[in-house]
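Chemist:
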Amino acid sequence: MCAFFAISKNLVTYPTGVLHESNVDAATTVSTWIGTSFFTPLVGAFLADTFWGRYWTILAFLSVYVTGMTVLTASALLPLLMGASYSRSAHRLSAYLGLYLAALGTGGIKPCVCALGADQFDASDPVERRAKGSFFNWYYFSINIGSLLSATVVVWVQDNVGWGVGFAIPTLLMLSGLVLFVAGRKVYRYQRVGGSPLTRASQVVVAAVRNYRLVLPEPDDSSALLHQAPPGTTEGNDSTMQHTSQFRFLDKAAIVAPSSGEKGATASPWRLCTVSQVEELKTVLRMFPVWVSMVLFFAATAQMSSTFIEQGETMDNRVGPFTVPPASLSTFDVISVMVCIPIYDKALVPLARRATGKERGLSQLQRLGVGLALSVAGMVYAALLEARRLSLARAAADGRPPMSIMWQAPAFAVLGAGEVFATIGILEFFYDQSPDGMKSLGTALAQLAVAAGNYFNSAVLAAVAAVTTRNGEAGWIPDDLDKGHLDYFFWFMAVLGVVNLLHFLHCSVRYRGSSNNSTYSS
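Following this line, the structure appears as structure tokens:
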């Protein structure tokens, strides 16, 4: 993950300082690239769950990742290598090629590494099951070690030594990670590939539509009258996929048509599905409102790699004898995560466990709610800070930055604490709630919320720029932020966050998780 953060932490500086893009274009570039990096996990999850398994998917996509980092490193060295024949268009083309190869490479790593790690714990063993609850916390902790290294050492190298060296360091670390991953292949626990979850879900939808004329049995009789998987099969032995009364239209996919003459195994899977298959799709649909609520959270955290850095560039970055790059303020996000994870895992969870009697202390949805509330607090602080900075900057006569960049630290820290609750919580929630054959896809859906949040942020930035620059106005986010109103943008994000939190609270009260995880979902 060091390679990913080595790109994302300082990426907004590369388009503005090297590729000469505007502030809005650079912020959009960052959000779009990060969004793509969290969208491609759908591809990796599909391949892992359907064809290759998690190990081979990780291995293949790691190779693509290393290739992308190599291209990106070479692109940063183009001005030096080409000399007088340097072409800015060639530079941009190679830079974006390397960026999006890396985005593709991360698609097989994000959903599969987390899922492969969780696969190492036996859910039937109480000790290992509890250890798996802590695994997600410490998995995210290890990610933030790479983030800390990137936000300090790598960002400093990029700003003071050169982008070529700054990209070469994570490239070499990626190669080392590839070697270590392959070295451990004999000790991993592997899960059997269970076929395409997307195909199974599509079969349910098609069968339900084709059977729309059939009459549903009464809810009390549904379990007995709907088509069950034969005993002895994987589905037939799965006790976690019991029939539920939600989304009853989909139950029509499991009704045997009286006139068809097709029974059980002789029926086409596009005409007749099992109850377990129907319940898999229902499980995903039940999680969708929770997923939607997380999009605004990740749109808020996207500010740390875009508008927060642009704000920091207008502030005094001298701290004692040191000059702090604006991107390095994300260190406070990382430190906050690394401090809060042990506190959460070793102090808060035991206290909450004694108070609530639940194995994990806070339920997964309670954990997500706390994270959403903290994201709103972070946006409110950023808005107040920017309003204060603007008033001082416009009153200053000498044109010097009026505020220390260290005033940004609390905003990063609050959002970092929010990540401990929401980012880790959504990974754990989707892994636990997803059916056994959809674990990689479930993890990918959690990553997709990050992508959607960054794409949403790009759309909001573009809309704000279009609306606020009408009639020749400077707009909220001009290249010279002293002439704009970035604080209005932060207030807008805070209001959206409050509305989103209310939506989440409504959805969480109504949520009913899968039977094997309902203890943790309410």
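Residue numbers (UniProt numbering): 1 to 522.
Glycine is no exception: its CB is placed at the ideal position from the N, C-alpha and C atoms.
These numbers come from a predicted model, not from an experiment.
Is it the case that the segment 439-450 contacts the segment 26-45, given that we only count it when at least three CB pairs across the two stretches are under 8 Å?
Modeler: Short answer: they touch.
Chemist: Inspect the beta-carbon positions of S440 and A48 and report whether they are closer than 8 Å.
Modeler: In this structure, A48 lies closer than 8 Å to S440 by Cβ.
Chemist: Leaving out five residues before and five after L502 in sequence, what residues of the same chain have Cβ atoms less than 7 Å from its Cβ?
Modeler: So the list is empty, once near-sequence residues are dropped.
Chemist: Would W80 be called buried (16 or more neighbouring beta carbons within 10 Å of its own) or exposed?
Modeler: Reading off the sequence shown, one finds Leu at residue 80, where the question assumed Trp. Exposed, because fewer than 16 other Cβ atoms sit within 10 Å of the Cβ of L80.
Chemist: Below 8 Å between beta carbons: does that hold for I341 and F141?
Modeler: The answer is yes: Cβ separation under 8 Å.
Chemist: Less than 8 Å between the CB atoms is what I'm expecting for R189 and Y55, so what's the real figure, rounded?
Modeler: Their Cβ separation, rounded to whole angstroms, is 10 Å, which puts R189 and Y55 out of contact at 8 Å.
Chemist: Taking 8 Å as the threshold (C-beta atoms), are C273 and Q228 in contact?
Modeler: In this structure, C273 does not lie closer than 8 Å to Q228 by Cβ.
Chemist: Which value, in whole angstroms, describes the spacing of the CA atoms of S87 and G164?
Modeler: Going by the C-alpha atoms only, they are around 17 Å apart.
Chemist: Using only the alpha-carbon positions, how far apart do A103 and G425 sit?
Modeler: A103 and G425: Cα-Cα distance of roughly 23 Å.
Chemist: Compare the Cα-Cα distances from I145 to each of L59, D480, T331 and A395 and report the closest residue.
Modeler: Closest by alpha carbon: T331.
Chemist: How would you write the range of the alpha helix (DSSP H) that R54 sits in, first residue to last?
Modeler: G53 to A76 is the extent of the alpha helix (DSSP H) around R54.
Chemist: Do I109 and F51 have their C-beta atoms within less than 8 Å of each other?
Modeler: No, Cβ-Cβ distance for I109 and F51 is not below 8 Å.
Chemist: Using the Cα positions of A201 and S276, report the straight-line distance between them to the nearest angstrom.
Modeler: The straight-line gap from Cα to Cα measures roughly 11 Å.
Chemist: For M287, does the count of other Cβ atoms within 10 angstroms reach 16, so buried, or fall short, so exposed?
Modeler: Buried: at least 16 other Cβ atoms inside 10 Å.
Chemist: Buried or exposed: where does M82 fall if 16 or more other Cβ atoms within 10 Å of its Cβ makes it buried?
Modeler: Exposed, since its Cβ has fewer than 16 Cβ neighbours within 10 Å.
Chemist: So, under 8 Å CB-CB, V12 and I309 are touching, yes? Tell me the CB distance rounded to an integer number of Å.
Modeler: Their Cβ separation, rounded to whole angstroms, is 5 Å, which keeps V12 and I309 in contact under 8 Å.
Chemist: Please confirm if the segment 118-130 is in contact with the segment 314-331, defined as three or more CB-CB distances below 8 Å between the two stretches.
Modeler: Touching, no, given that fewer than three Cβ pairs across the two stretches are closer than 8 Å.
Chemist: Report the option in L175, V157, R353 and Y455 whose CA atom is closest to the CA atom of S37.
Modeler: The shortest Cα separation from S37 among L175, V157, R353 and Y455 belongs to Y455.
Chemist: Using DSSP with H/G/I as helix, E/B as strand and the rest coil, what is D479?
Modeler: Here D479 sits in coil by DSSP.
Chemist: Identify which residue in Y100, S89 and S85 has its Cα closest to the Cα of T70.
Modeler: Ranking the options by Cα distance to T70, first place goes to Y100.
Chemist: Alpha carbons only, please: which of H506, G378, V256 and A466 is nearest the one belonging to D487?
Modeler: The option with the nearest alpha carbon to D487 is G378.
Chemist: Is it buried or exposed for E313, if we count other Cβ within 10 angstroms and need 16 for buried?
Modeler: E313 is buried by the Cβ-count criterion.
Chemist: Would you kindly work out how many angstroms separate the C-alpha atoms of A382 and D479, rounded to a whole number?
Modeler: Those two C-alpha atoms are separated by around 19 Å.
Chemist: Starting from C273, trace the alpha helix (DSSP H) both ways and give me its first and last residue.
Modeler: Run containing C273: none; DSSP gives neither H nor E here.
Chemist: Please say whether F249 and D333 have beta carbons closer to each other than 8 Å?
Modeler: No. Outside cutoff.
Chemist: Between K346 and E419, what straight-line distance do the alpha-carbon atoms span, to the nearest angstrom?
Modeler: Spanning the two alpha carbons is a distance of roughly 17 Å.
Chemist: Whose C-alpha, out of S31, A26, V18 and V179, is nearest the C-alpha of A300?
Modeler: Residue S31 is the option with its Cα nearest to A300.
Chemist: Which same chain residues, not among the five before or five after E128, have their C-beta less than 8 Å away from its C-beta?
Modeler: Around E128: F121 and D122.
Chemist: Going straight from the alpha carbon of F247 to that of G453, what length do you get?
Modeler: Cα-Cα distance, rounded: 27 Å.
Chemist: Go ahead and pull the three-state DSSP assignment for D316.
Modeler: D316: strand per DSSP, three-state reduction.
Chemist: Return the chain-ordered ranges of every beta strand (DSSP E) run that is complete within the segment 416-489 and spans a minimum of 3 residues.
Modeler: Segments of the beta strand (DSSP E) lying fully in the segment 416-489: there are none.
Chemist: Determine which residues share a DSSP beta bridge with F322 and list them.
Modeler: According to DSSP, F322 bridges with V319.
Chemist: For the putative contact between L505 and G369, defined by C-beta atoms under 8 Å, what is the C-beta separation to the nearest angstrom?
Modeler: Right, their Cβ atoms sit about 7 Å apart.
Chemist: Could you have a look at N237 and say whether DSSP puts it in helix, strand or coil?
Modeler: With a pLDDT of only 44 at N237, under 50, the local geometry of the prediction cannot be trusted, and no value is derived from it.
Chemist: Have a look at F46 and S196 and give me their C-alpha separation to the nearest angstrom.
Modeler: Roughly 7 Å separates the two Cα atoms.
Chemist: With which residues is S404 paired in a DSSP beta bridge?
Modeler: Answer is D316, bridged to S404.
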